[in-house]
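For the record, the sequence lines run as chains B and P. With the numbering used here as the guide, the letters of the first sequence map in order to residues 1 to 334. With the numbering used here as the guide, the letters of the second sequence map in order to residues 335 to 590. Note sheet for the following structure.
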Amino acid sequence: MQEMSNTTTDIGEFEENTGEPEHRTRSRIWQGIFWVALIGFLLIAPALLYPVFVMQLLCFALFAAAFNLLIGFTGLLSFGHAAFFGGAAYIAGHALKVWGFPPLLGIATGTLFAAALGWAVGSLAIRRQGIYFAMITLALAQIVYFLVLQLPFTGGEDGLQGIPRGHLLGFIDLNQPLAMYYTVAAIFLIGFLVIYRIIHSPFGQVLLAIRENEPRALSLGYNVDRFKLLAFVLSAALAGLAGSTKALVFQFASLTDAHWQMSGEVILMTLLGGMGTIFGPVVGAFVVVALQHALSGIGSWVQVVIGGTFIACVLLFRRGIVGELARLLKINSL
Amino acid sequence: MNDTILEARNLTKNFGGFVAVNGVDLRIKRGSIHAIIGPNGAGKTTMFNLLTKFITPSSGKILFNDTDITNKKPAEIANMGVVRSFQISAVFPHLTVLENVRLALQRGLGVSYHFWRSKAMLHNLDAQAMAQLERVGLADYAQLRAVELPYGRKRALEIATTLGLEPELMLLDEPTQGMGTEDVGTVTDLIGRVREGRTIVMVEHNLGVVAHLADTITVLARGEVLAEGPYEVVSKNPQVMEAYMGVSAEEQEETV
Numbered sequence: 001m002q003e004m005s006n007t008t009t010d011i012g013e014f015e016e017n018t019g020e021p022e023h024r025t026r027s028r029i030w031q032g033i034f035w036v037a038l039i040g041f042l043l044i045a046p047a048l049l050y051p052v053f054v055m056q057l058l059c060f061a062l063f064a065a066a067f068n069l070l071i072g073f074t075g076l077l078s079f080g081h082a083a084f085f086g087g088a089a090y091i092a093g094h095a096l097k098v099w100g101f102p103p104l105l106g107i108a109t110g111t112l113f114a115a116a117l118g119w120a121v122g123s124l125a126i127r128r129q130g131i132y133f134a135m136i137t138l139a140l141a142q143i144v145y146f147l148v149l150q151l152p153f154t155g156g157e158d159g160l161q162g163i164p165r166g167h168l169l170g171f172i173d174l175n176q177p178l179a180m181y182y183t184v185a186a187i188f189l190i191g192f193l194v195i196y197r198i199i200h201s202p203f204g205q206v207l208l209a210i211r212e213n214e215p216r217a218l219s220l221g222y223n224v225d226r227f228k229l230l231a232f233v234l235s236a237a238l239a240g241l242a243g244s245t246k247a248l249v250f251q252f253a254s255l256t257d258a259h260w261q262m263s264g265e266v267i268l269m270t271l272l273g274g275m276g277t278i279f280g281p282v283v284g285a286f287v288v289v290a291l292q293h294a295l296s297g298i299g300s301w302v303q304v305v306i307g308g309t310f311i312a313c314v315l316l317f318r319r320g321i322v323g324e325l326a327r328l329l330k331i332n333s334l
Numbered sequence: 335m336n337d338t339i340l341e342a343r344n345l346t347k348n349f350g351g352f353v354a355v356n357g358v359d360l361r362i363k364r365g366s367i368h369a370i371i372g373p374n375g376a377g378k379t380t381m382f383n384l385l386t387k388f389i390t391p392s393s394g395k396i397l398f399n400d401t402d403i404t405n406k407k408p409a410e411i412a413n414m415g416v417v418r419s420f421q422i423s424a425v426f427p428h429l430t431v432l433e434n435v436r437l438a439l440q441r442g443l444g445v446s447y448h449f450w451r452s453k454a455m456l457h458n459l460d461a462q463a464m465a466q467l468e469r470v471g472l473a474d475y476a477q478l479r480a481v482e483l484p485y486g487r488k489r490a491l492e493i494a495t496t497l498g499l500e501p502e503l504m505l506l507d508e509p510t511q512g513m514g515t516e517d518v519g520t521v522t523d524l525i526g527r528v529r530e531g532r533t534i535v536m537v538e539h540n541l542g543v544v545a546h547l548a549d550t551i552t553v554l555a556r557g558e559v560l561a562e563g564p565y566e567v568v569s570k571n572p573q574v575m576e577a578y579m580g581v582s583a584e585e586q587e588e589t590v
């Protein structure tokens with residue numbers, strides 16, 4: 001009897017009483033399938049594919065997922081995310097190479113730098129909305145690009161080369177491809193879990209409210225600007241985590257990481273995969289990076305193919321790959 | 335406690351050279367339903383946005399419970415207990431009906447910046463949210479997404495969300511705008527039911543609704559107060575008949 005009275009006060013029990021709709025159960029099942037597929041892929045990928053290629057996939061997937069936090073779950077279009085990705089790559093590279101930081105501390109330094117830069121850029125940009133917001137982020141990112149090109153420590157056109165991979169925790173040699181791979185896989189998974197949690201937090205609920213109807217969120221007493229700024233900083237930091245990791249993997253921070261074209265590419269990955277979905281950016285990043293690899297033989301025509309893919313996506317399946325899949329499966333979130 | 339909950343003193347708003355609201359004095363009595371009416375272009379919406387702090391006055395003062403709120407931000411006055419609704423039904427369309435109301439309740443928990451915690455904790459608010467939904471007759475739709483509700487029910491959801499904040503003062507911007515007769519009746523009943531323990535200010539076109547609900551009516555014309563008082567008095571005022579009812583007699587026929 002004691003046990004029964006306990007279960008009736010259980011929160012999960014209450015939810016059942018109000019009637020959990022069937023589509024939500026289905027949603028959970030499909031999300032579970034995606035998680036299993038993702039983790040399975042992370043574990044066995046190096047046996048099937050070239051590890052460096054998979055690590056590149058994972059860095060871009062994390063970058064796109066971080067970007068999606070803003071566009072998909074807050075409704076903010078940043079056109080300057082390359083500044084956080086590339087800027088963090090340079091700072092992490094410098095910390096690892098010149099200051100001799102161990103790998104994880106180097107990555108943390110890059111990530112923290114991206115967070116600080118995100119705070120500076122975000123504080124200015126959130127004062128405006130829509131296209132003006134996008135333009136301010138673009139302009140500030142161009143300043144970062146200029147600095148990356150001109151500052152003495154960045155190596156100018158050559159980029160920052162010869163970044164040492166070092167030893168993880170002092171004893172795991174990251175020059176071993178598999179050690180490096182599983183480190184990157186772990187960083188990706190942690191970053192992705194952090195994003196998943198942010199989306200599914202009380203904070204994430206307010207972000208959705210802002211995305212859906214900003215004046216209404218304001219009238220309910222939410223200080224919308226502070227929420228947007230925190231979302232911006234989190235997104236920038238996670239983009240920085242991706243950029244720092246990429247610098248460690250390739251032992252190289254290049255100008256293309258900070259170039260505005262990179263800001264465009266991450267938008268493309270997110271739209272293609274499905275903005276506002278959980279797994280969409282990962283799928284989108286995989287598709288774009290895989291296309292770039294597969295088509296590298298045709299040189300700059302790659303851009304034409306990717307441009308065409310983008311147009312097809314916008315015209316034919318506006319929800320993106322995962323978004324359309326969720327619609328076909330009749331579930332709200334995937 | 336003062337008898338006046340909200341007071342505007344000599345409130346003026348210029349847009350460039352155009353004076354939308356010109357030296358308006360307004361006193362809202364605690365516990366009343368106070369309607370602001372007037373012909374198109376009379377400055378109702380400007381007045382409403384001034385009172386809810388969505389725009390800043392050019393001059394004049396606004397007092398809420400004797401506190402000067404002229405320079406406060408919308409989120410600040412919402413925390414003080416002044417909550418507004420919008421002309422176009424303001425819901426969060428892709429969230430469920432339950433989640434909509436929960437967003438109003440969530441603020442009280444003080445965890446809204448906690449991005450590291452699971453939103454499962456918000457289920458603690460479900461019972462409270464369901465109670466609000468029952469008040470407006472939406473309990474059966476709790477798991478639907480707001481976008482799937484018909485127009486009149488969206489308005490009911492908006493009111494339920496606003497009630498979640500337990501506002502002392504509720505400001506409704508044309509609550510029955512764009513509704514069919516049936517929905518107008520439902521929403522009017524709803525406002526009548528939820529007025530208990532609070533003050534309501536509404537801008538409204540529909541004179542039937544105003545006559546039915548409002549204790550006091552302020553008639554605006556060309557940015558100034560033309561008349562004020564209960565419906566019976568205001569509706570017999572010759573100036574009002576000329577400025578408002580005279581020109582829109584047919585509209586009145588339709589709406590009443």
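Don't be surprised by glycine CBs; every beta carbon is placed ideally from N, CA and C. Fair warning: this is a prediction, and the values are worked out from it, not measured in the lab.
- Apart from the 5 residues on each side of it in sequence, S78(B) sits with its Cβ closer than 6 Å to the Cβ of L70, T137 in its chain, given in chain order.
- For V249(B), the nearest beta carbon of chain P is not closer than 7 Å to its own beta carbon.
- The closest CA to that of L208(B), considering only H546(P), R343(P), V425(P), is found on V425(P).
- Contact annotation for L208(B) against chain P: F426, H428, L429, E433, L437 [CB-CB distance below 9 Å, chain order].
- The beta-carbon of R26(B) is placed no less than 7 Å from the nearest beta-carbon of chain P.
- Under the DSSP assignment, M504(P) falls outside any alpha helix (DSSP H), being part of the beta strand (DSSP E) whose first and last residues are 503-507.
- Between G243(B) and P103(B), the alpha-carbon positions lie close to 13 Å from each other.
- By the neighbour-count criterion, in which a residue is buried when 16 or more other Cβ atoms sit within 10 angstroms of its Cβ, L315(B) is exposed.
- Taking 8 Å as the cut-off between beta carbons, the residues of the stretch 445-463 of chain P near chain B are V445, S446, Y447, H448, F449, W450, R451, S452, K453, A454, M455, L456, H457, N458, D460, A461, in sequence order.
- Of the candidates N348(P), A465(P), N356(P), the residue whose Cα lies closest to the Cα of A342(P) is N356(P).
- Shown here for H293(B): same chain residues with a beta carbon closer than 8 Å to its own, the five before and five after excluded, namely F53 in chain order.
- Around N413(P), the beta-carbon contacts reaching into chain B at under 7 Å are G221.
- For the pair L456(P) and R436(P), the CB atoms are nearer than the 7 Å cut-off.
- Judged by DSSP in its simplified three-state form, T137(B) adopts helix.
- Spanning the alpha carbons of A108(B) and A179(B) requires a straight line of approximately 19 Å.
- The beta carbon of A548(P) lies closer than 6 Å to those of I367, A369 in the same chain, with the five residues before and after it left out.
- Relative to the Cα of A95(B), the nearest Cα in the group H23(B), Y196(B), T111(B), P202(B) belongs to T111(B).
- In the three-state DSSP reduction, H539(P) falls in the coil class, being neither helix nor strand.
- Excluding sequence positions up to five before and after K363(P), its CB lies within less than 8 Å of the CB of D337, T338, I339, T533, D549, T550, all in the same chain and listed in chain order.
- In the DSSP assignment, F398(P) falls within the unbroken beta strand (DSSP E) covering 393-398.
- For a Cβ distance threshold of 7 Å, residue set P202, Q205 of chain B lies close to Q440(P), ordered along the chain.
- Under DSSP, the beta-bridge partners assigned to K363(P) are T338(P).
- For F279(B), the closest alpha carbon among the candidates F203(B), A61(B), R26(B) is that of A61(B).
- For A115(B), the CB contacts under 7 Å within the same chain, skipping 5 residues up- and downstream, are V233, A236, A237, G240 in chain order.
- Secondary structure of V445(P) (DSSP, three-state): coil.
- The alpha-carbon of Y196(B) is positioned some 13 Å away from that of A454(P).
- For R128(B), the secondary structure class from DSSP, reduced to helix, strand or coil, is coil.
- Per DSSP, the continuous beta strand (DSSP E) segment holding R418(P) begins and ends at 416-418.
- The CB of V417(P) comes closer than 9 Å to the CB of S219, L220, G221 in chain B, given here in chain order.
- About 13 Å separates the beta carbons of A494(P) and L478(P), which is beyond the 8 Å limit, so they are not a contact pair.
- L230(B) and V535(P) have their C-alpha atoms spaced approximately 35 Å apart.
- In the DSSP assignment, G87(B) falls within the unbroken alpha helix (DSSP H) covering 82-97.
- Using a Cβ-Cβ cut-off of 8 Å, L160(B) is close to nothing in chain P; its nearest Cβ partner there is about 32 Å away.
- Taking a beta-carbon distance threshold of 7 Å, E214(B) does not count as an interface residue toward chain P.
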